[in-house]
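Protein chains in written order, with my numbering: chain D, 6 to 448; chain X, 1226 to 1655.
All C-beta atoms in this analysis are idealised placements derived from N, C-alpha and C, irrespective of residue type, glycine included.
(1) Near residue 320 of chain D, which residues of its chain fall below 7 Å by C-beta distance, leaving aside the five closest residues on each side in sequence?
(2) From residue 1341 of chain X to residue 1607 of chain X, what does the alpha carbon distance come to, in whole angstroms?
(3) What is the DSSP secondary structure of residue 92 of chain D, reduced to helix, strand or coil?
(4) Sort D/184, D/180, D/223, D/186 by Cα distance to residue 201 of chain D and report the nearest one.
(5) Cα separation between residue 1380 of chain X and residue 147 of chain D?
(6) When Cβ atoms are compared, which residues of the segment 1566 to 1585 of chain X fall closer than 8 Å to chain D?
(7) Of the residues X/1300, X/1398, X/1451, X/1540, which one's Cα is nearest the Cα of residue 1424 of chain X?
(8) Tell me which residues of the segment 27 to 58 of chain D have at least one Cβ-Cβ distance to chain X shorter than 7 Å, keeping chain order.
(9) Given residue 9 of chain D, which residues of its chain have a CB within under 6 Å of its CB, disregarding the five upstream and five downstream residues?
(10) Figure out for me which residue from X/1561, X/1610, X/1510 has the closest Cα to the Cα of residue 1547 of chain X.
(11) Under 7 Å Cβ to Cβ from residue 1577 of chain X, same chain only, skipping five residues before and after it: list those, please.
(12) Taking only runs of the beta strand (DSSP E) that begin and end inside the segment 58 to 119 of chain D, which ones reach a length of at least 3 residues, in chain order?
(13) Taking only beta-carbon positions, decide if residue 197 of chain D is within less than 8 Å of chain B.
(14) Nearest-angstrom Cα distance between residue 170 of chain D and residue 1453 of chain X?
(15) Under the assumption that residue 277 of chain D contacts residue 248 of chain D (Cβ atoms under 8 Å), give the Cβ distance between them as a whole number of angstroms.
(16) What's the call for residue 75 of chain D, buried or exposed, on a 16-neighbour Cβ count within 10 Å?
(17) Counting only Cβ pairs nearer than 9 Å, list the residues of chain X close to residue 178 of chain D.
(18) Under the DSSP definition of a beta bridge, which residues are partnered with residue 336 of chain D?
(19) Using DSSP bridges, identify the partner residues of residue 146 of chain D.
(20) With a CB to CB cut of under 8 Å and the five nearest residues on each side skipped, what residues in its chain are close to residue 286 of chain D?
(21) Select from D/403, D/397, D/295, D/245 the residue whose C-alpha is nearest the C-alpha of residue 309 of chain D.
(22) Given that a residue counts as buried once 16 or more other Cβ atoms are within 10 Å of its Cβ, and exposed if not, what is residue 243 of chain D?
(23) Counting along the chain, where does the alpha helix (DSSP H) carrying residue 1452 of chain X start and finish?
(24) Mapping DSSP to helix, strand and coil, what is residue 32 of chain D?
(25) Return the CA-CA distance between residue 1446 of chain X and residue 1324 of chain X, expressed in angstroms with no decimal places.
(26) So, using beta-carbon positions, are residue 1677 of chain X and residue 1334 of chain X closer together than 8 Å?
(27) To test your reading of the DSSP string, which unbroken alpha helix (DSSP H) runs of 4 or more residues are found completely within the segment 1335 to 1363 of chain X?
(28) Three Cβ pairs or more, each shorter than 8 Å: is that satisfied between the segment 1429 to 1442 of chain X and the segment 1459 to 1466 of chain X?
(29) In this structure, does DSSP put residue 414 of chain D in helix, strand or coil?
(30) So, with DSSP's three-state summary, where would you put residue 404 of chain D?
(31) Compare the Cα-Cα distances from residue 265 of chain D to each of D/210, D/325, D/246 and report the closest residue.
(32) In this structure, does DSSP put residue 1477 of chain X in helix, strand or coil?
(33) Listing by chain order, which chain X residues have their CB less than 7 Å from the CB of residue 230 of chain D?
(34) For residue 69 of chain D, does the count of other Cβ atoms within 10 angstroms reach 16, so buried, or fall short, so exposed?
(35) In chain D, what lies closer than 7 Å to residue 1542 of chain X by C-beta?
(36) Look at residue 275 of chain D and residue 335 of chain D and say whether their C-beta atoms are less than 8 Å apart.
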């Protein structure tokens, strides 16, 4: 069995699975809970084995990175939507990580969500998420990556609104959607510019063309495409200035929080940077942007996270902090370290998210057993600050450094306020039209 | 009264289906149909493009009206508006277009004129003014065509001598006004707030502005400098962003969907100017938006009847009572906002790339418009179907039965099927 066959299986199995689930829903007879569990057990074991087999096969045989070119998805005249997949150390590692973590979370969710309204919906969306993740992992072009990226984002939004009768969940899902659409804009713009100026969105080709762009005096195009890619990854990984949506996204069920905001979806930002690293690393300004924003986010998230009182939000900020550090690692060129950091962080966070709710319950039932391990006072750099400073810093962190307030007002004054003014202007015009017609029709 | 209503529905439906199958028959070859005598000339164009638009027009009504047919009060004027819309689509000469265009707009014009009352607050001055100005300008163009002996010339074959600067500006004015492009848009709000969704759809889906633009203006634009063409594209993109921004803050759900439709229509006009790739993208977008918007409109109208749903200022939580309709709605919404594996994705992709060929920043504004469309449509879905239901909602299942949902499901299957294999639809479009 070759790497290509494993790749095809990795793509086809989740696709056929979600297709089956979708058809069962369409026919008006969705899978019962037991049948769904059986089907998912078989599929999750299969995808986990496939992911691990691909990972092992790649590293044991020391296979070189290879592109798999398939026929264009669609084309018209000079435009072609290329279907290219890339198999390299990055894709097989993240693919294996996704398969294993997802299998664990699916097993956990069988009991956690049992008898919950929306049981079928949850597992269908998780299937769609996996398909999206696999597309992102093995994408050889920005176009293919965008498809997976969108699927992951959409499932994430729908799972935040999983408890759809809770209005705050829905509100937060809309906020998360705004964040996701912003990052989609970045990736779509990068893809379109790359198509137009480089003639391809294939990662390998893109990095080869940077020299030509700079030679022809179009260096700014390279910088713009690079900034779009960074923009997309910042928004996906909730880095500054797009960090506000992450704490609000914790409304979904715990397994979905684990898989999206602890493990897989949130790490797609650095994954994209690693994938585009050969392209981005060719000018210091882009790596500097990544490093500075990552560093600032790490600092911001660690301070704010210390002031939160609920477990899931604390974990969200902890993830954000680690992601900031991963961004710094990428900017410094430590790609393998960043990948290992991503794998370790994703594994740890998904375990912490899954354990958080039961740990709180355990602690409430047996406080004496856990008090030494859970609330053990640890070394903190804060101890070295004077109390007055500490208090001020704490208040600022509690207010999230007014960043939410700032972004909220930014939207209010730069988007909604002009629209409201436009609407007033519109009403004024209408009134004027009505007056003219009244005047003409007067008896 | 009920018997008349039923008979009227039956006639309407039979007509729509009959025309649909006739069009399928005609699609085999493009031909011209002339109805002429010494006094007047009506010339119809049965080219693949017109047949394509007409099929979408008929199919959108056939599919979106069927599930909620029993709940609709189709008024006699709907049938007239429907046929006049068809006439616009098939017009081949400026005179034919003018006749159908002015009669189509005359029905609401008379309605508004009769009900124009300063005291009752039911005014539609914008529509009345737009119609009078548009009609006068169009009449002027018809006379000009008559003087140049072009009355029997096909819209596509107008000589470049006709497209003087004032003529071109007037044509663009009429086209943009017919399609509700900013800043000639206000009549749209009047129409949406006073007529039923299916009657308004005859204006929106017959696409008189787009048809005039495609058949007549685009050939005329080719002789103009590129900066002029860019200016027109900028106006249409601004119009799209304007409409979708307005839809986001609009309180009335029906108006918001109408605005969303007008935003998409603006994007279609932008695409039509962006070369062959843009035209292909615009045509696919036309298919998507026609089916999706009429479906979404018919669903919200049905829910309005059952739940008195007309405001999007708060959450209604209707998914609890109508899960199937919620599913249909979200699938339509995702198809329109270019979610991958839906047909909208292919059209959006083609449109963005075609626009980038013309100007980089224009493509970026298009992406912004698409992004806002996505946010709006999910927000609308959330407001209608998600959240905590209000206490005054009757505790019962108001979902339509499966047999009535078949047309909606057919559209979803079509969107997903063509979304997976877009090359098929790219190949068959004219």
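Inspection of the coordinates gives the following:
(1) Here the question's residue 320 of chain D lines up with position 315 in the first chain. Excluding sequence neighbours, residue 320 of chain D sits near 267, 354, 357, 358, 361.
(2) Here residue 1341 of chain X corresponds to residue number 116 of the second chain, with the count starting at 1. Here residue 1607 of chain X corresponds to residue number 382 of the second chain, with the count starting at 1. Distance between the alpha carbons of residue 1341 of chain X and residue 1607 of chain X: 36 Å.
(3) By 1-based counting over the first chain, the position of residue 92 of chain D is 87. Note: residue 92 of chain D maps to strand in three-state DSSP.
(4) On the first chain, position 196 is the one that residue 201 of chain D refers to. For the residues D/184, D/180, D/223, D/186, the minimum Cα distance to residue 201 of chain D belongs to D/223.
(5) Within the second chain, the letter at position 155 stands for residue 1380 of chain X. Within the first chain, the letter at position 142 stands for residue 147 of chain D. Rounded to whole angstroms, residue 1380 of chain X to residue 147 of chain D spans 42 Å at the Cα level.
(6) 1566, 1570, 1571, 1574, 1575, 1577, 1578, 1579, 1581, 1582, 1585
(7) Within the second chain, the letter at position 199 stands for residue 1424 of chain X. If we check each option's Cα against that of residue 1424 of chain X, X/1300 comes out closest.
(8) 31, 33
(9) Translated into positions along the first chain, residue 9 of chain D becomes position 4. Cβ within range, chain order: 73.
(10) The sequence position of residue 1547 of chain X within the second chain is 322, counting from 1. Considering only alpha carbons, the answer is X/1610.
(11) As a first step, residue 1577 of chain X must be located in the second chain, where it is residue number 352. Cβ within range, chain order: 1588, 1591, 1592.
(12) 71 to 81, 84 to 92
(13) Absent from the structure is chain B; the protein chains it does hold are D and X.
(14) What you label residue 170 of chain D is simply residue 165 of the first chain in a count that begins at 1. What you label residue 1453 of chain X is simply residue 228 of the second chain in a count that begins at 1. So the alpha carbons of these two residues sit roughly 51 Å apart.
(15) The count along the first chain starts at 1 and reaches residue 277 of chain D at position 272. The count along the first chain starts at 1 and reaches residue 248 of chain D at position 243. Going by Cβ atoms, the distance from residue 277 of chain D to residue 248 of chain D rounds to 17 Å, so no, they are not a contact pair.
(16) Taking the first chain and counting its residues from 1, the one referred to as residue 75 of chain D is at position 70. The residue is exposed, with fewer than 16 neighbouring Cβ atoms inside 10 Å.
(17) Taking the first chain and counting its residues from 1, one reaches residue 178 of chain D at position 173. 1603, 1607, 1611, listed in chain order.
(18) Within the first chain, the letter at position 331 stands for residue 336 of chain D. Note: residue 336 of chain D sits in no beta bridge, so no partner.
(19) Taking the first chain and counting its residues from 1, the one referred to as residue 146 of chain D is at position 141. In DSSP, residue 146 of chain D forms a bridge with D/207.
(20) Within the first chain, residue 286 of chain D is the residue found at index 281, counting from 1. Cβ neighbours of residue 286 of chain D beyond the five flanking positions: 292, 338.
(21) The residue you call residue 309 of chain D lines up with position 304 of the first chain. Here the closest residue by C-alpha is D/403.
(22) On the first chain, residue 243 of chain D is found 238 positions in, with the first residue counted as 1. Classification of residue 243 of chain D: buried, given that the 10 Å Cβ count is 16 or more.
(23) Counting from one through the second chain, the residue named residue 1452 of chain X turns up at place 227. Where residue 1452 of chain X is concerned, the enclosing alpha helix (DSSP H) stretches over 1451 to 1474.
(24) Position 27 of the first chain, counted from the start, is the residue given in the question as residue 32 of chain D. It is coil, neither helix nor strand.
(25) On the second chain, residue 1446 of chain X is found 221 positions in, with the first residue counted as 1. On the second chain, residue 1324 of chain X is found 99 positions in, with the first residue counted as 1. Distance between the alpha carbons of residue 1446 of chain X and residue 1324 of chain X is about 24 Å.
(26) Since the first residue shown for chain X is 1226 and the last is 1655, residue 1677 of chain X is missing from the structure and cannot be characterised.
(27) none
(28) no
(29) Looking up residue 414 of chain D in the first chain gives position 409. Reduced to three states, the DSSP call for residue 414 of chain D is helix.
(30) One-based indexing of the first chain puts residue 404 of chain D at position 399. It is coil, neither helix nor strand.
(31) Counting from 1 along the first chain, the entry for residue 265 of chain D is found at position 260. The shortest Cα separation from residue 265 of chain D among D/210, D/325, D/246 belongs to D/325.
(32) Here residue 1477 of chain X is taken as the residue at index 252 of the second chain, counted from 1. If DSSP states are grouped into helix, strand and coil, residue 1477 of chain X belongs with the strands.
(33) The residue labelled residue 230 of chain D in the question sits at position 225 within the first chain. Those do not exist, as residue 230 of chain D stays about 11 Å from chain X at its closest Cβ, beyond 7 Å.
(34) Here residue 69 of chain D is taken as the residue at index 64 of the first chain, counted from 1. The residue in question, residue 69 of chain D, is exposed, as its Cβ has fewer than 16 Cβ neighbours within 10 Å.
(35) Here residue 1542 of chain X refers to the residue found at position 317 of the second chain. Neighbours of residue 1542 of chain X on chain D, chain order: 170.
(36) Mapped onto the first chain, residue 275 of chain D falls at position 270. Mapped onto the first chain, residue 335 of chain D falls at position 330. Closer than 8 Å, so yes.
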